[in-house]
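Just so we're aligned, residue 1 is where the sequence shown starts under the UniProt record's numbering, counting upward by one.
Glycine residues also receive a C-beta, built at the ideal position from the N, C-alpha and C atoms.
First comes the structure, then the notes that go with it.
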Amino acid sequence: MQFPLLNIFLTMVWFFLMVMWFWLVIRVIGDVFRDDTLGGGAKAAWAIFVICLPFLGVFVYLMARGSGMGGRESAREYRRETLPTAGTGDDRLTRAQTNELVRLADLKNHGDLTSAEYDLAKSHVLSG
């Protein structure tokens with residue numbers, strides 16, 4: 001007895017599992033190369049292991065280093081969010097101040113603001 005709907009369903013399940021597998025392999029390889037604590041030799045060894053023996057390599061990586069993947073991703077995201085506006089002491093700018101200064105610079109470059117108006121607005125933004 002043939003069940004065409006079952007075949008379609010199983011094909012969709014297999015397709016989904018293949019997409020998830022490739023996503024997991026790419027995620028593991030990305031984590032290997034983005035990890036600052038691993039040296040070059042360790043990165044090369046993990047990459048070769050994951051590429052040559054993908055099932056075993058991914059599962060061993062997840063057991064050995066998988067618990068820290070989320071923490072490393074969170075740390076990267078935190079650094080990405082804070083570094084562009086980071087400063088020390090009084091020279092620290094907020095993201096809103098940085099965006100306002102960029103907008104003022106664009107207005108000055110397009111000729112909508114004179115240098116005096118730009119300097120006045122810039123000092124106003126930087127003062128508070």
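Inter-residue Cα distance where the pair is arginine 76 and glycine 66: So the alpha carbons of these two residues sit roughly 16 Å apart.
Mind the definition here: the stretch 46 to 62 touches the stretch 94 to 101 only if three or more C-beta pairs lie below 8 Å; say whether that holds. No, they do not touch.
In terms of residue numbering, what span does the alpha helix (DSSP H) encompassing aspartate 31 cover? Taken as a continuous stretch (DSSP letters only), the alpha helix (DSSP H) holding aspartate 31 covers 4 to 34.
Local Cβ density within 10 Å of lysine 31, reported as buried at 16 or more and exposed below that: The sequence as given places aspartate at residue 31; lysine does not occur at that position. Aspartate 31 comes out buried.
Thinking C-alpha only, which one of Gly57, Phe9 and Asp35 is nearest arginine 70? For the sequence presented, residue 70 should be read as glycine rather than arginine. Residue Asp35 holds the alpha-carbon nearest to the alpha-carbon of glycine 70 among Gly57, Phe9 and Asp35.
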